[in-house]
Amino acid sequence: MNKKTVYSGIQPTGCLTLGNYIGAVSNWLKMQEEYNCIYSVVDLHALTVRQEPAELRKNILSFFALLMAVGLDPQKCILYIQSHVPEHCELTWILNCYTYIGEAGRMTQFKEKSQRHKNNINMGLMDYPVLMAADILLYQTHLVPVGADQKQHLELSRDLAERFNNIYSPTFVVPEPYIPKQGAKICSLTDPASKMSKSDEDKNATISIIDPPELIMSKIKKAVTDSEKIVEYREGKDGINNLLTIFSAVSGRTIEELASEYRDKGYAKFKNDVGEAVVECLCPIRQRYQELIADKNYLLSVAREGAEKASRIARKTLRKVHRKIGLVER
Ligand code: ATP
Ligand code: LTN
Numbered sequence: 061m062n063k064k065t066v067y068s069g070i071q072p073t074g075c076l077t078l079g080n081y082i083g084a085v086s087n088w089l090k091m092q093e094e095y096n097c098i099y100s101v102v103d104l105h106a107l108t109v110r111q112e113p114a115e116l117r118k119n120i121l122s123f124f125a126l127l128m129a130v131g132l133d134p135q136k137c138i139l140y141i142q143s144h145v146p147e148h149c150e151l152t153w154i155l156n157c158y159t160y161i162g163e164a165g166r167m168t169q170f171k172e173k174s175q176r177h178k179n180n181i182n183m184g185l186m187d188y189p190v191l192m193a194a195d196i197l198l199y200q201t202h203l204v205p206v207g208a209d210q211k212q213h214l215e216l217s218r219d220l221a222e223r224f225n226n227i228y229s230p231t232f233v234v235p236e237p238y239i240p241k242q243g244a245k246i247c248s249l250t251d252p253a254s255k256m257s258k259s260d261e262d263k264n265a266t267i268s269i270i271d272p273p274e275l276i277m278s279k280i281k282k283a284v285t286d287s288e289k290i291v292e293y294r295e296g297k298d299g300i301n302n303l304l305t306i307f308s309a310v311s312g313r314t315i316e317e318l319a320s321e322y323r324d325k326g327y328a329k330f331k332n333d334v335g336e337a338v339v340e341c342l343c344p345i346r347q348r349y350q351e352l353i354a355d356k357n358y359l360l361s362v363a364r365e366g367a368e369k370a371s372r373i374a375r376k377t378l379r380k381v382h383r384k385i386g387l388v389e390r
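Here the sequence shown stands for residues 61 to 390, numbered as in our numbering.
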């Protein structure tokens with residue numbers, strides 16, 4: 061009865077990467093056994109950068125299928141598509157009126173994306189974290205499993221919840237981030253100093269969770285390492301550290317154990333075994349995905365049911381918010 065609520069979302073852009081899986085989605089999976097979990101394909105967030113309509117439409121369902129393929133079970137958690145629940149936009153508007161332009165402008169992701177999309181610095185890009193706060197606060201969320209890059213956005217969600225609660229009276233649960241100690245930042249295979257990102261144009265930089273086995277092996281074999289010959293986890297060895305982190309996450313073995321086993325075995329053998337472990341972890345996901353994506357009607361029916369459940373919870377919060385700020389009941 062007193063289970064905590066967990067909420068998270070993922071944008072339907074690019075392909076779901078090993079970074080997304082290790083940093084975020086694998087935790088969603090573990091948490092569905094223990095908490096009230098609500099997970100969403102956040103399509104409205106994706107609109108903050110220009111999308112090709114046909115591709116976006118395809119990606120939304122594809123991400124929905126991917127989430128089910130990794131093992132999220134609509135019997136155990138609520139799975140839905142963000143734009144199917146209009147309360148997200150409604151609460152965003154209200155929260156906008158409690159967000160300072162200064163604090164939104166300070167967000168690292170806003171600054172980075174403004175740099176990357178210089179000719180389309182739109183209002184939505186700046187409002188991105190407020191929509192994210194609305195996602196979280198609508199469901200009275202306690203815990204938000206995300207990768208390390210989302211920490212700042214979570215802080216803003218907390219600030220907005222506390223600000224609102226202080227002006228009126230306790231209305232929102234103040235959410236806590238849930239960031240894994242290990243794997244919160246999986247790095248690019250070709251530039252191991254930066255994060256693996258699903259919108260990276262260099263296809264060798266990322267592993268999609270539905271890449272075929274040969275492709276996974278070849279990308280890992282090409283991964284940038286260093287000119288030493290020792291497998292160990294330490295500063296200055298970004299490439300090897302990243303591969304060790306990946307190896308540990310997909311095999312369930314510790315980094316220390318793997319580093320001591322592979323220390324002097326050479327990079328070729330090490331990369332081969334990392335590749336095989338990744339393939340073994342991802343193969344069943346790929347198979348389930350192919351089955352699910354072939355049945356569009358089933359996916360849509362799961363999404364519809366999820367949106368109904370989500371909407372019921374969201375409505376309740378929104379009614380409370382309307383009452384507190386002085387709007388008149390319908
Ligand atoms: P984009 O490149 O389009 O910005 P992204 O790869 O950052 O996308 P998101 O949809 O923004 O993906 O993030 C989904 C989840 O995956 C978030 O919780 C995010 O923190 C996490 N995540 C993203 N990249 C990584 C990574 N390289 N390592 C660990 N976690 C990650
Ligand atoms: N900004 C997040 C995606 C996201 C999200 C959320 C995550 C949108 N709404 C609510 C957690 C909770 C990202 O991962 N890039």
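We treat Cβ as the ideally placed atom computed from N, Cα and C, and that holds for glycine.
In the three-state DSSP reduction, residue 79 falls in the helix class (H, G or I). Just so you know, the alpha carbons of residue 358 and residue 128 end up roughly 12 Å apart.
In this structure residue 110 is exposed. Its beta-carbon is surrounded by fewer than 16 other beta-carbon atoms within 10 angstroms.
A direct Cα-Cα distance of roughly 13 Å separates residue 172 from residue 179. Looking only at 336, 237 and 269, the smallest Cα-Cα distance to residue 82 is reached by 269. For residue 62, no beta strand (DSSP E) run applies, since DSSP gives it neither H nor E. From the listed residues 205, 189 and 232, the smallest Cα separation to residue 216 is found for 189. Taking C-beta separations shorter than 6 Å and ignoring five residues to either side along the sequence, the partners of residue 192 in its chain run 213, following chain order. By the 16-neighbour rule on beta-carbons within 10 angstroms, residue 147 is buried. Contact between the region 327-334 and the region 275-292 is present: three or more C-beta pairs spanning the two stretches fall below 8 Å. Ranked by how close their Cα comes to the Cα of residue 364, the residues 71, 80, 79 and 124 have 124 in first place. The beta carbon of residue 181 sits closer than 7 Å to the beta carbons of 174 from its chain, once the five residues preceding and following it are set aside; these are given in chain order. Using a 10 angstroms sphere on the CB of residue 203, the tally of other CB atoms reaches 16 or more, which defines it as buried. Residue 205 is bridged by DSSP to 238. In the three-state reduction of the DSSP assignment, residue 157 falls in the coil class, being assigned neither a helical nor a strand state. When beta bridges are read from the DSSP output, residue 96 appears opposite 65. Residue 241 and residue 389 have their C-alpha atoms spaced approximately 45 Å apart.
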